[in-house]
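Only one structure is covered here, and it is reproduced in the block below.
Residue numbers (my numbering), protein chains in the order written: chain A, 2 to 206; chain B, 3 to 416.
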């Protein structure tokens with residue numbers, strides 16, 4: 002079981018890691034350089050043999066370490082999860098060591114985190130976009146990226162030549178989206194803000 | 003053609019033929035693109051393969067053709083507004099997704115739902131599992147060349163859809179759960195109808211088993227094909243029936259019970275070899291176990307409230323109260339406009355869905371909108387093993403392997 006002894010033992014072996022909280026599962030913080038060391042230990046010595054999830058969180062441009070990688074491990078023996086928080090140091094071009102060598106499952110998860118946040122996983126064997134297309138220029142899950150999307154040229158030149166088509170931002174008017182949970186409705190709902198067209202005034206072409 | 007060097011083998015010996023064939027085949031590689039729109043890929047998966055004759059040397063799955071940015075969308079709407087989006091993750095078992103999502107947010111908000119609500123959720127989860135596995139087995143048979151079983155499973159699935167329709171008002175995109183409860187109580191007489199369905203289903207399962215389980219052609223195509231060892235399955239993060247078929251006893255309903263699963267008596271079927279045939283067997287047994295759970299529920303369905311009555315800032319009050327009482331009207335208005343109020347924190351919750359463990363990682367900074375939501379899709383992880391699994395198999399095996407992995411691209415690409 003994950004109890005006090007387990008945590009004390011783990012912290013003694015890995016003094017660089019800290020317990021953040023234990024609200025739903027044990028949450029550790031770990032510097033990026035030591036992540037391979039810690040995950041190898043958890044896998045080999047503590048039976049955390051299933052990497053269930055690896056993702057990142059964009060904490061906003063104001064925060065000192067903007068991108069945080071979050072790893073969830075599961076142990077079939079303890080029947081419990083461990084969460085590891087680890088900050089990427091550089092905000093401009095975030096980097097993080099790939100744990101693909103420890104958990105092969107991390108391969109696609111890391112590609113997705115790279116695709117969505119632009120975090121470069123050093124040592125990854127095949128780091129390229131996985132959900133967006135290869136030529137896509139932005140990282141959509143960063144907080145500054147607008148929900149509607151940004152006008153982007155289509156990657157197929159021959160199609161563009163004939164159709165002049167591009168990837169357009171999605172229309173937001175009438176959508177169910179809120180930009181924030183707080184404040185007045187007029188501030189919170191984009192449909193209340195978009196006054197460029199109404200039922201009386203036609204939509205600008 | 004490249005020059006064939008004759009080795010010291012007897013004419014008529016199969017080694018001779020193999021040597022010749024190998025020489026000729028090694029001379030050229032063929033690149034083959036399967037999908038993104040192809041019947042074997044069950045959606046919009048694209049496989050970039052390198053073939054040596056009929057032998058797959060390299061297989062690279064290309065994803066993202068169904069990417070809709072669900073995680074970005076989730077950051078921009080209230081918790082309840084996102085429920086319909088969960089329908090469209092694994093669209094073969096929308097009810098199970100609804101439940102997984104609702105429990106994740108409830109755990110974050112610290113809401114405890116009453117027993118009856120938990121029972122309704124377990125019931126619909128198991129019905130969703132049956133529905134998903136019926137389709138999975140049906141199309142798996144079809145992938146292996148057997149048309150008829152699909153007809154049997156689909157007939158049963160149709161009955162399930164009718165039951166879903168009566169419960170939720172929709173056959174496919176159910177959006178049934180709310181944070182802190184479900185959309186409505188079960189209708190009168192519905193349990194009897196479910197009970198009748200549970201009596202009919204085992205016969206249909208037996209028919210399917212008669213058609214497939216000992217079918218020589220089916221066995222030839224699936225036995226020993228696509229073998230995943232238990233260590234590989236764990237290393238690549240497989241979950242659900244695919245992991246259990248490889249002999250790993252991992253079922254979140256038993257290991258980390260949620261929604262009152264610990265109260266029910268059921269077994270977790272485990273495979274031994276981890277081939278395509280085992281994955282089929284595990285699914286068919288899981289349907290039987292799900293039936294067991296549903297029957298236990300019908301025998302003793304808990305009474306009481308079907309939503310968390312004390313969760314004033316989470317679950318909207320009943321309609322008649324909204325229309326007659328000022329406080330409830332305000333409460334309803336706040337929940338609809340600003341969303342269910344959730345305290346700051348983070349949560350990771352996984353539910354044992356038909357395809358595997360569907361996880362939601364939610365970071366909240368308070369209020370009715372998540373700051374970040376990651377959806378851990380089982381199909382995404384299950385597919386990642388394909389790069390390792392496919393090489394060494396024949397091209398025709400790819401159909402069977404894909405069918406046995408039973409993935410859904412809606413969930414994979416999100």
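All residues carry an ideal CB built from backbone N, CA and C; glycine is no exception.
Own chain, CB closer than 7 Å to residue i, minus 5 neighbours either side, in chain order
| i | result |
| --- | --- |
| residue 125 (chain A) | 99, 101 and 111 |
| residue 38 (chain B) | 46, 47, 48 and 67 |
| residue 210 (chain B) | 139, 151, 154 and 155 |
| residue 3 (chain A) | 27, 79 and 81 |
| residue 303 (chain B) | 121 and 193 |
| residue 292 (chain B) | 128, 131 and 132 |
Any chain B beta carbon closer than 7 Å to residue i
| i | result |
| --- | --- |
| residue 153 (chain A) | no |
| residue 24 (chain A) | yes |
| residue 182 (chain A) | At residue 182 (chain A), the pLDDT of 46 sits below 50, so the modelled position is not reliable and the matter cannot be decided from this model. |
| residue 18 (chain A) | no |
| residue 10 (chain A) | no |
Distance CB(residue i)-CB(residue j) smaller than 7 Å
| i | j | result |
| --- | --- | --- |
| residue 130 (chain B) | residue 98 (chain B) | yes |
| residue 118 (chain A) | residue 140 (chain A) | yes |
| residue 93 (chain B) | residue 72 (chain B) | no |
| residue 63 (chain A) | residue 120 (chain A) | no |
| residue 347 (chain B) | residue 24 (chain A) | yes |
| residue 66 (chain A) | residue 38 (chain A) | no |
| residue 448 (chain B) | residue 330 (chain B) | This structure leaves residue 448 (chain B) out entirely; chain B is present only between 3 and 416. |
| residue 274 (chain B) | residue 358 (chain B) | no |
| residue 381 (chain B) | residue 373 (chain B) | no |
| residue 342 (chain B) | residue 370 (chain B) | yes |
| residue 285 (chain B) | residue 135 (chain B) | yes |
| residue 2 (chain B) | residue 146 (chain B) | Any answer about residue 2 (chain B) is impossible in this case: the structure gives chain B only from 3 up to 416. |
Within-7 Å CB hit, residue i to chain A
| i | result |
| --- | --- |
| residue 239 (chain B) | yes |
| residue 397 (chain B) | no |
| residue 404 (chain B) | no |
| residue 236 (chain B) | yes |
| residue 386 (chain B) | yes |
| residue 365 (chain B) | yes |
| residue 374 (chain B) | yes |
| residue 411 (chain B) | no |
Residues near residue i by beta carbon distance below 6 Å, same chain, minus five either side
| i | result |
| --- | --- |
| residue 28 (chain A) | 21, 22 and 84 |
| residue 19 (chain A) | 30 |
| residue 232 (chain B) | 248, 249 and 250 |
| residue 307 (chain B) | 116 |
| residue 408 (chain B) | 138 |
| residue 399 (chain B) | 227 |
| residue 84 (chain B) | 76 |
| residue 32 (chain A) | 17 |
| residue 35 (chain A) | 17 |
Beta-carbon proximity list for residue i, same chain, < 8 Å, skipping 5 on both sides
| i | result |
| --- | --- |
| residue 35 (chain B) | 48, 49, 50 and 51 |
| residue 77 (chain A) | 48, 50 and 51 |
| residue 207 (chain A) | Chain A is shown from 2 up to 206; residue 207 (chain A) falls before or after that span and cannot be answered. |
Residue-chain proximity (residue i, chain C), Cβ-Cβ < 7 Å
| i | result |
| --- | --- |
| residue 128 (chain A) | The displayed structure is made up of protein chains A and B, and chain C is not among them. |
Residues that residue i contacts on chain B, provided the C-beta gap is smaller than 8 Å
| i | result |
| --- | --- |
| residue 131 (chain A) | 65 and 66 |
Neighbour list for residue i in chain A, Cβ cutoff strictly below 8 Å
| i | result |
| --- | --- |
| residue 69 (chain B) | 132 and 133 |
| residue 338 (chain B) | What residue 338 (chain B) touches in chain A: nothing, since even the nearest Cβ is about 11 Å away. |
Proximal residues of chain B, C-beta to C-beta of residue i below 9 Å
| i | result |
| --- | --- |
| residue 73 (chain A) | 350, 352, 361, 363 and 378 |
Chain B residues whose Cβ lies nearer than 7 Å to that of residue i
| i | result |
| --- | --- |
| residue 141 (chain A) | 71 and 74 |
Interface partners of residue i on chain A, CB under 7 Å
| i | result |
| --- | --- |
| residue 314 (chain B) | Ordered by position in chain A, no residue passes the 7 Å Cβ test against residue 314 (chain B), which lies about 17 Å from the chain. |
| residue 382 (chain B) | 109 |
| residue 92 (chain B) | Here the premise fails: no neighbours, minimum Cβ distance about 16 Å. |
| residue 415 (chain B) | 132 |
Interface partners of residue i on chain A, CB under 9 Å
| i | result |
| --- | --- |
| residue 145 (chain B) | Residues of chain A passing the Cβ test: none, with the nearest at roughly 24 Å. |
Closer than 6 Å: residue i CB and nearest the ligand NAD heavy atom
| i | result |
| --- | --- |
| residue 312 (chain B) | The ligand content of the structure shown is nil, which means the ligand NAD is not present either. |
| task | Residues of the region 104-116 of chain A with a CB closer than 7 Å to any CB of chain B: list them in chain order, please. | result | 104, 105, 106, 108 and 109
| message | Tell me which residues of the region 100-130 of chain B have at least one Cβ-Cβ distance to chain A shorter than 9 Å, keeping chain order. | response | 109 and 110
| field | Residues within the region 41-63 of chain A neighbouring chain B, beta-carbon criterion of under 7 Å | value | 50, 51, 52, 53, 54, 56 and 58
| task | Can you give me, in chain order, the residues of the region 346-363 of chain B that have a beta carbon less than 9 Å from any beta carbon in chain A? | result | 347, 348, 349, 350, 351, 352, 359, 361 and 363
| message | Against chain B, which members of the region 77-98 of chain A pass a CB distance test of less than 7 Å? | response | 77, 80, 82 and 84
| request: Note down, in chain order, all residues in the region 38-67 of chain B with a beta-carbon under 7 Å from any beta-carbon belonging to chain A. | output: So the close ones are 65 and 66.
| message | Counting only Cβ-Cβ distances shorter than 8 Å, please list the residues of the region 246-264 of chain B near chain A, keeping chain order. | response | Within the region 246-264 of chain B, the residues whose Cβ lies closer than 8 Å to some Cβ of chain A are 250, 251, 252, 257 and 258, listed in chain order.
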